[in-house]
């Protein structure tokens, strides 16, 4: 499964390289072209008022992607929310709540005093945001325009952040922030299922502010964008937290044998980041994004622990594993963002 996932990710980044890959790819490319035109038509229906779009009475900021995941959106949403709450604003984050159970039900994850429900009901990212910043109001809803209205009416939100909102055109926004991976901003340039794009690249015209994540020191945009461009890089915090809330410095783990696992869009990049922090990773396990840890997944992680001194995973995975027991200590690491000095939000 890991080899198949890695192969698909390579196709999404670079496109087909062999005749066999082209035979597999061509039908997908046709489907992607059709899907792209459907998304283009949908956008036009919203633009000309044929499909209704509701705008909240308070400033609404959309943070989203042109691609299907992999840009490191959650740390950026957290960064923006912290800036606003530090300025004394009552901030609400409204999300779809990907990966949660009973997705048809709208739920209040946090009323501004930390998470109120379990991660499997909130979705891992919404739960993580409410745990990182307990001052946030966090709502998850299938039809987010009603959750935006509720955030303002019931919880007194002064600013609403629409998490993963670039394609959610039923909610109007005052600022559209689009995240792009500086190392591979458009992948192979194809629309799903032939590539990582959710829409044709021309959809970037809707954006107001563009953030190139995982930027290098130079901070130059890989291609021109129709708006202001900022640059940031993701930073792994130097102190990890065990599933039992015990702290450990990554430097203290560097001499030990470790196994890493992750259920995110790009696990391989996470493993590389850990190695750059000096960790010795003898074994790695890639899982599906927003994975639910059932019996099979738990067995795979326990097998990963054999012969290892510790396990390490993402904070996004860690919130779903609280209280779980493994043969060796299991640590979760937190991911933050640093904007280039002249690009600070």
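Residue numbers (my numbering): 88 to 432.
By construction, the Cβ of each residue, glycine as well, lies at the ideal position given by its N, Cα and C atoms.
Notebook entry, point to check: Counting along the chain, where does the alpha helix (DSSP H) carrying residue 111 start and finish?
Noted result: Start and end: 106 to 134.
Notebook entry, point to check: Which whole-angstrom value is the C-beta distance of residue 285 and residue 254, which I expect to be below 8 Å?
Noted result: The C-beta separation of residue 285 from residue 254 comes to about 6 Å, placing the pair in contact by the 8 Å criterion.
Checklist line | Element boundaries [beta strand (DSSP E), containing residue 148] | finding: Residues 147 to 152.
Note to self: Which complete beta strand (DSSP E) runs does the region 361 to 414 hold, if anything under 3 residues is left out?
What the structure shows: Within the region 361 to 414, the complete beta strand (DSSP E) runs of at least 3 residues are 368 to 373 and 397 to 401.
Next item on the list: Mind reading off the beta-carbon distance from residue 373 to residue 349? Whole number of angstroms is fine, and I expect it under 8 Å.
Entry: That pair is a contact at about 7 Å.
Check: Nearest to residue 321 by alpha carbon, out of 107, 378, 129 and 269?
Finding: Minimum Cα distance to residue 321 is reached at 269.
Notebook entry, point to check: Can you give the Cα-Cα distance for residue 223 and residue 130, rounded to whole angstroms?
Noted result: When rounded, the distance between both Cα atoms is 30 Å.
Checklist line | For residue 211, the first and last residue of its enclosing beta strand (DSSP E) | finding: That residue, residue 211, is in no beta strand (DSSP E); its alpha helix (DSSP H) goes 211 to 219.
Next item on the list: Apply the 10 Å Cβ neighbour rule to residue 358 and answer buried if 16 or more other Cβ atoms are within range, or exposed otherwise.
Entry: It counts as buried.
Check: Between the Cα of residue 117 and the Cα atoms of 149, 196, 403 and 280, which residue gives the shortest distance?
Finding: Residue 280 is the option with its Cα nearest to residue 117.
Next item on the list: Tell me whether residue 113 is buried or exposed, calling it buried when 16 or more other Cβ atoms sit within 10 Å of its Cβ.
Entry: Exposed, since its Cβ has fewer than 16 Cβ neighbours within 10 Å.
Margin query: Cutting at 6 Å between CB atoms, please list the residues of its own chain near residue 186, excluding the five before and the five after it.
Written below: Hits under 6 Å: 210, 211 and 377.
Item checked: Inter-stretch contact at 8 Å, needing at least 3 Cβ pairs: the region 146 to 165 / the region 250 to 265 -> Yes, since at least three Cβ pairs between the region 146 to 165 and the region 250 to 265 fall closer than 8 Å, the two stretches touch.
Margin query: Please give me, in chain order, every unbroken run of the beta strand (DSSP E) with length at least 3 that falls completely inside the region 248 to 300.
Written below: Every beta strand (DSSP E) stretch that sits fully inside the region 248 to 300 and reaches 3 residues is listed by chain position as 262 to 268 and 296 to 300.
Check: Comparing alpha-carbon positions, which option in 101, 420, 97 and 227 lies nearest residue 275?
Finding: Checked all of 101, 420, 97 and 227; the closest Cα to residue 275 is 101.
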